[in-house]
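Just below is one structure, and these are the notes that go with it.
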Amino acid sequence: MASAEIVDTPLNRDALEARIAPDEHGAVCVFIGQVRNHSRGKQVASLEYRAYMPLAEKQLLRVAEDAEKRWGCQVALWHRLGIMKPGDASVAVAVSAPHRAEAFEACRYCIDTLKALVPIWKRETCPDGTWWIEGEEAFPASEER
Amino acid sequence: MESALPEGSAPGEPPSNQLRLIGAHMPSSGGLSSCLLSGREIGCTAVQLFTGNPRQWSHPPLAEEEIRAFQNAREETALPFLCAHDSYLINLAAPDADVLDRSRNAFRGELERAHALGIPWVVTHMGAHLERGEEEAVARLIESLVRILEETDAAGCTAGIALETTAGQGTGLGWRFEQLGAVLKGVDHQQRIGVCMDTCHIFAAGYDLRTEDAWENTLKEFDAQVGLSALRIIHANDSKKGLGSRVDRHEHIGKGEIGLKPFARLVRDARLQHVPVVVETPDAHTMHQVNVALLQRLAAGGTGVFVEVELCGHFSEAGPLLQMELPENTSLQQLAEILEQKDARLAGLSACCQFAVNHEFAERGTLLCEGDRVAALPPSSGG
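Read top to bottom, the protein sequences are chains A and B. For the first sequence, position 43 (counting from the first letter as 1) is numbered 42 according to numbering that gives the first Met the number 0, and the numbering increases by one without interruption. For the second sequence, position 125 (counting from the first letter as 1) is numbered 124 according to numbering that gives the first Met the number 0, and the numbering increases by one without interruption.
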């Protein structure tokens, strides 16, 4: 069963991986996205993720279910919201499949697709202020509300 | 935001007076008095309630404290109009002698409870013939009503009976106006018998209300067969099913087969100005407030729809949540344009955003309805 969760607490890898990998699966592939200390040529002090929650968790689960159907694998997706520092995990994809090819492909698919389809936005705090990042564009953000 | 509607959007219609009574059937999970308190809280000026469990035959007499609490709540809320709805089990036209007897006893109980609570009207459906002869069933119904009225008259009961128009589902009686008229004539007790018109039911029964002409014809027919003077209560419900479907499925005002305009016409019709309007639409706890507010706005001359818009990403800088009144039949595309004109910070919204309505993605052509929750979603950057 596909699982998807959006939380405001740090990643617990054991809990995530416990959701996948039954004994008949020979491959486990885990992708973790973490906060980078630079972006658009600037130092990043912190990042904040905000979501449109009524749709975000639903969309995340749809991505997981879709991958399961296409590759016959098991998928657990995780996304963190709130303020994070460089080095913190913000997103995780865990996939298990009978063989490694499906596991790699499904894992790649999940991270690429969730970035496009799940309504979550990032705010980067750099030396020159805070910016909303939307696709390729950045917009100035007011200070913390 | 300020209204997007032009001033005086209902040409030729006088602004309705403040006395139009509009409310809802309130759930009684917290005791009878809670119906009044919660009704008042959501802005009702009329409340309908069950005075007993609508799926039970017998009820113990109301406790003194319950009656006192109800009277206190009535004083506190100053609700100008109350009515009760009877149990679903009651069939005053039942062919089976035993069921008929139980129905008559139970309905007497309904009237007695209403009287004890000071509720002037009990709404009842007209029963069903159950394939055992419609004419005989109507005769039995009339006999039931005459008897019950006589007996309760004698006991000093003043609560009246409002016979409700039905959808004509199954073998139910009362879906043709002439049948209602015949029963009224047969009972002949003007003070204590009247009619409740349910818009969903009459529409499902085949009486159209969607255009000006249709409404006039339906009202004329009602007046000829039943008499407008007998009309005591209106149940304002939209219909999930089509005209003449004879299937009774209530829908939120403006969201069903009847649509918004006929309800505006209804609550502004001077001929019905004195008749309280009660909604019995789904999702009472969340949506009664929306439907009641909508009817009140329509009565006051507004034709717009109220929606809530959540702005996401950098557009949230313009205020994350907007309450907006839009003209009827505004599409998401038009909303995007209205938003861009409203605030410079929303420039570019139409080009880049996807939209969600009620928590699902929606096409630009989607027409917005009362109470819709819209979200404007710029390209995401999660991960």
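By construction, the Cβ of each residue, glycine as well, lies at the ideal position given by its N, Cα and C atoms.
For chain B, is any of its Cβ atoms less than 8 Å away from the one on residue i?
{"i": "proline 9/A", "result": "no"}
{"i": "alanine 75/A", "result": "no"}
{"i": "isoleucine 31/A", "result": "no"}
{"i": "phenylalanine 138/A", "result": "yes"}
{"i": "lysine 114/A", "result": "yes"}
{"i": "glycine 134/A", "result": "yes"}
{"i": "isoleucine 82/A", "result": "no"}
{"i": "histidine 78/A", "result": "yes"}
{"i": "tryptophan 131/A", "result": "yes"}
Which term fits residue i, buried or exposed, when burial requires 16 or more other beta carbons within 10 angstroms of its beta carbon?
{"i": "serine 37/B", "result": "buried"}
{"i": "tyrosine 87/B", "result": "exposed"}
{"i": "histidine 78/A", "result": "buried"}
{"i": "histidine 84/B", "result": "buried"}
{"i": "leucine 18/B", "result": "exposed"}
{"i": "arginine 264/B", "result": "buried"}
{"i": "proline 5/B", "result": "Caution applies to proline 5/B, whose pLDDT of 31 falls short of 50 and renders its modelled position unreliable; the model cannot decide the point."}
{"i": "glutamine 295/B", "result": "buried"}
{"i": "glycine 171/B", "result": "buried"}
{"i": "methionine 0/A", "result": "exposed"}
{"i": "arginine 54/B", "result": "exposed"}
{"i": "alanine 346/B", "result": "exposed"}
{"i": "threonine 329/B", "result": "buried"}
{"i": "serine 28/B", "result": "exposed"}
{"i": "histidine 358/B", "result": "exposed"}
{"i": "asparagine 36/A", "result": "exposed"}
{"i": "valine 276/B", "result": "buried"}
{"i": "alanine 223/B", "result": "exposed"}
{"i": "serine 57/B", "result": "exposed"}
{"i": "proline 9/A", "result": "exposed"}
{"i": "methionine 196/B", "result": "buried"}
Using a Cβ-Cβ distance cut-off of 8 Å, determine whether residue i contacts chain A.
{"i": "cysteine 311/B", "result": "yes"}
{"i": "proline 5/B", "result": "Because proline 5/B carries a pLDDT of 31, less than 50, the predicted location of this residue cannot be relied on, and no value is offered for it."}
{"i": "aspartate 371/B", "result": "no"}
Could you tell me which chain A residues have their CB closer than 8 Å to the CB of residue i, listed as they occur along the chain?
{"i": "leucine 376/B", "result": "Tyr51, Leu54 and Pro118"}
So which residues on chain B does residue i lean against when the C-beta distance must stay under 8 Å?
{"i": "valine 90/A", "result": "Gly381 and Gly382"}
{"i": "serine 141/A", "result": "Glu316"}
{"i": "lysine 121/A", "result": "Ser380 and Gly381"}
{"i": "tyrosine 108/A", "result": "What tyrosine 108/A touches in chain B: nothing, since even the nearest Cβ is about 13 Å away."}
Taking Cβ-Cβ distances shorter than 9 Å, what residues in chain A pair up with residue i?
{"i": "alanine 317/B", "result": "The contacting residues do not exist; alanine 317/B stays about 10 Å from chain A at best."}
{"i": "alanine 355/B", "result": "Tyr51, Pro53, Leu54 and Pro118"}
Under 7 Å Cβ-Cβ, which residues of chain A neighbour residue i?
{"i": "alanine 358/B", "result": "It is histidine, not alanine, that sits at residue 358/B in the sequence shown. The contacting residues are Pro53 and Leu54."}
Is residue i near the ligand NAD, judged by its Cβ being under 7 Å from some heavy atom?
{"i": "proline 59/B", "result": "Annotation note on the ligand NAD: not contained in the displayed structure, which lists no ligands."}
Query - the region 62-76 of chain B touching the region 315-326 of chain B, judged by at least three CB pairs closer than 8 Å - result: no
Query raised in the report: Quick check: the region 347-361 of chain B against the region 224-237 of chain B, are there 3 or more CB pairs under 8 Å?
Result: The region 347-361 of chain B, when compared against the region 224-237 of chain B, does not touch it at the 8 Å Cβ threshold.
Query - Three CB pairs or more closer than 8 Å across the region 145-158 of chain B and the region 200-209 of chain B - result: no
Query raised in the report: Do three or more CB pairs link the region 38-45 of chain A to the region 100-115 of chain A at distances below 8 Å?
Result: no
Query raised in the report: Does the pairing of the region 84-101 of chain A with the region 15-33 of chain A give three or more beta-carbon distances under 8 Å?
Result: The answer is yes - the region 15-33 of chain A touches the region 84-101 of chain A, with three or more Cβ pairs under 8 Å.
Report task. Evaluate the contact criterion for the region 90-97 of chain B versus the region 121-128 of chain B: three or more CB pairs, one atom per stretch, below 8 Å. Result -> yes
Report task. Would you check if the region 114-128 of chain A and the region 46-53 of chain A touch, i.e. whether three or more CB-CB distances between them fall below 8 Å? Result -> yes
**Report entry** Any 3 or more C-beta pairs closer than 8 Å across the region 300-307 of chain B and the region 27-42 of chain B
**Finding:** no
Query raised in the report: Is the region 262-278 of chain B touching the region 176-185 of chain B in the sense that three or more CB pairs, one from each, lie closer than 8 Å?
Result: no
Query - Stretch-stretch touch, CB-based, cutoff 8 Å, three pairs: the region 97-109 of chain A with the region 46-66 of chain A - result: Counting C-beta pairs closer than 8 Å gives three or more between the region 97-109 of chain A and the region 46-66 of chain A, which meets the contact rule.
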